[in-house]
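Data block below; observations after.
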Ligand SMILES: Cc1ncc(COP(=O)(O)O)c(C=O)c1O
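Numbering (the numbering used here), first residue to last: 931 to 1309.
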């Protein structure tokens, strides 16, 4: 059996949707499908505005520009994340300040965030790790009390909820990623969501070369003005059509993800030395973009487990190594970093294969091989 970490869930409707745009012979770049996709996302999450981008990373960069962050400004981020999170402030010459995480959600630890706030802090940017809401209600309170902008990097967690409210709607703005390992996918892609009209208007300019939008640029014969230096961070209609078709299936695919996660939880939780990912309480609704266990013995046993599973045809991966330890940050960071929990957890975590159509045979194979590994370990 060969089980990859993730597989894309797709159907004939995805093919039909893309084909329809292609066969129209028009509007491959801009067109109504984009607004339809944006309206669908905004409606799904219950937020005023959505703007799609050609990646989660370009959505993040655009947000940093739209807020006007720059040299001397600090943005508090986790180190237990994908590198795009701390890169975002760096794109505009602002400084990422790393704060520690907490054990249950793998999200920013509100207590450590408070310690990292200075007179230079402009924003707090937590992530919702692998489909698990972080302690976003507490972080919102801190942001409000200190008059800071709260930006949710919800790249991995479309549809996750806290108290019935979707992640991405707690902060002043949020991004999602539609890269091919995410909850639903367009291959590459992303979006910003916000209730802030002024921010939305600014983001529209940044997304499309600073061009003052007036209908469809490609069919409007008028010459338009350009305000500010923007980029081409647009999503094409071909991609938006795929996104629309994909997001229409997201309730179904999320339910399948959750069922597989529950199966793993039931069957793995009694293994001595493993902690399975369980939300702190039933206010948390996780969508399991990833399924990450902790191996309490730490790095050596975790790495042995990964190797053992690889030999059995099961791909696993470490999400995440602390990003502040990468070479790119070593020269850049001019402050000492002590992130004890990040350090400890990053040596324990291993993500197992999880995707909507993971079969019962595949689930059992993974469970049985993990049991076998720990049985040998404990002899
Ligand atoms: C937490 C986090 N932020 C940002 C991104 C960047 O998204 P993209 O890959 O679409 O640029 C990712 C993608 O993996 C992510 O996991």
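Note that CB positions come from ideal geometry on N, CA and C, so glycine has one too.
From 1032, 996 and 1206, residue whose alpha carbon lies closest to that of residue 1021: 996
Nearest-angstrom Cα separation, counted from residue 1006 out to residue 1019: 10 Å
Strand pairing of residue 1348, partner residues [DSSP]: Residue 1348 lies beyond the residue range present for the chain, which begins at 931 and ends at 1309; the question has no answer from this structure.
8 Å Cβ cutoff met for residue 1085 and residue 1105: yes
Buried or exposed (CB count within 10 angstroms, at least 16 for buried), residue 946: exposed
Beta-carbon proximity of residue 1037 to residue 1058, cut-off 8 Å: yes
Inter-residue Cα distance where the pair is residue 1011 and residue 1247: 14 Å
Three CB pairs or more closer than 8 Å across the segment 1194 to 1214 and the segment 1134 to 1145: no
Cβ-heavy atom distance, residue 932 to ligand 1, below 7 Å: no
Separation of residue 1127 from residue 985, as counted between CA atoms: 21 Å
Test item, CB below 6 Å from any non-hydrogen atom of ligand 1: 985, 986, 987, 1011, 1012, 1014, 1015, 1057, 1083, 1085, 1086, 1107, 1109 and 1120
Rounded C-alpha distance that separates residue 1035 from residue 1207: 8 Å
Distance between residue 1055 and residue 950 (C-alpha atoms, nearest Å): 38 Å
Sufficient close CB pairs (3 or more, under 8 Å) joining the segment 1092 to 1099 to the segment 1181 to 1194: no
Between the CA atoms of residue 1123 and residue 1049 - distance to the nearest angstrom: 27 Å
Every unbroken beta strand (DSSP E) inside the segment 1070 to 1101 [3 residues or more]: 1079 to 1083
First through last residue of the alpha helix (DSSP H) which encompasses residue 1259: 1257 to 1262
Residue 1215 beta carbon less than 8 Å from that of residue 939: no
Whole-angstrom distance between residue 1297 and residue 1283, CA atom to CA atom: 11 Å
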